[in-house]
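Q: Pasting a structure below so you can have a look.
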Amino acid sequence: MRKVLLYSSITLFFLLIINSTATSTQFITNSKLKQVKNKYGDRAQKRVELWDKMLQKNQNEKILYKLKNVNDFFNKIKYKTDPRHWRKKDYWATPFEFMGTGAGDCEDFAIAKYFSLRKLGIPEEKLRITYVIYQKRNSKYDQAHMVLTYYHKPGATPIVLDNINKKLKLASKRKDLKPIYSFNASGLWQAKNKGSVKMGRNNLKAWKSLMSRI
């Protein structure tokens, strides 16, 4: 009888330890987390759990801290071009594909930051993924690039979240970036000398493909 009680006590003890150390996620379901683990492995699962933990921690932070912490989190992920990473000329990864594989290029950084900030309650109209020309210093060649921009109010100078220059900066301070167009889930804008002009709905093929996978 004593052995049975002892065995039951030990079993209960270990169950309590397991439950107390298990990761409690809020922004991802257990089934989705299991899918990530099965497809990409344990390290991918850990990255997603850390992402969820970061979002939980920033739910009640001020806007600037949300921007900074989301930007910092994703900028730790490895940069890799689409031809090397996906064996495709151009591929827009979902946030889970990006975190799952642990690498991506500029649009993957911008897209993951966009959806993370949306989960933190930042309105869609304040966020745009912006296609720019990056004018690299001491280089004869310009580079196509994507960043995320945050607008405090309509017409305001946006804050740039970038994976090249990792510090948050106003767009007016980023003389190395020349905006071409921007978009979010509901619209597409063409950049002008001052501000931008809405061109209509977002009908970008790559965006539609991304959303179908999300």
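For the sequence shown, the positions run -22 to -1, 1 to 192 when mature numbering (1 follows the signal peptide of the UniProt record, and there is no 0) is used. In this text, a Cβ means the ideal position worked out from N, Cα and C, and glycines have one as well.
Between LYS114, GLY133 and ARG106, which lies nearest to THR127 when the distance is taken from Cα to Cα?
A: Of LYS114, GLY133 and ARG106, the residue nearest in Cα terms is ARG106.
Q: In terms of alpha-carbon separation, which member of THR108, GLY173, ARG152 and GLY80 lies closest to LYS131?
A: With distances taken between Cα atoms, LYS131 lies closest to GLY173.
Q: Spatial neighbours of ASN53 within its chain, please: C-beta separation below 6 Å, excluding the five flanking residues on both sides.
A: So the qualifying residues of the chain are ASN141 and LYS144.
Q: Is ALA184 buried or exposed, if buried means 16 or more other CB atoms sit within 10 Å of its CB?
A: Classification of ALA184: exposed, given that the 10 Å Cβ count is below 16.
Q: What are the partner residues of PHE5, as DSSP defines its beta bridges?
A: According to DSSP, which records beta bridges pairwise, PHE5 is partnered with nothing at all.
Q: How many Å lie between THR(-2) and GLU27 at the Cα?
A: Note on THR(-2): pLDDT 39, under 50, position unreliable in the model; the coordinate value appears next. In a straight line, the C-alpha of THR(-2) is about 13 Å away from that of GLU27.
Q: Tell me the start and end of each unbroken beta strand (DSSP E) in the stretch 105 to 173 that is at least 3 residues and wholly inside, in chain order.
A: Runs found: 105 to 113, 120 to 128, 137 to 139, 155 to 161 and 166 to 169.
Q: Could you please give the first and the last residue of the uninterrupted alpha helix (DSSP H) stretch that includes ALA88?
A: It spans 84 to 97 - the alpha helix (DSSP H) in which ALA88 sits, taken as one unbroken run.
Q: Under the rule that 16 or more other beta-carbon atoms within 10 Å means buried, what is THR7, buried or exposed?
A: Exposed, because fewer than 16 other Cβ atoms sit within 10 Å of the Cβ of THR7.
Q: Provide the residue span of the alpha helix (DSSP H) that contains GLN34, from first to last.
A: Segment 20 to 36, the alpha helix (DSSP H) holding GLN34.
Q: In terms of alpha-carbon separation, which member of SER187, LEU11, LYS40 and ALA163 lies closest to LEU98?
A: Considering only alpha carbons, the answer is LYS40.
Q: If you follow the alpha helix (DSSP H) that LYS46 is part of, which residue opens it and which one closes it?
A: LYS46 -> alpha helix (DSSP H) spans 41 to 52.
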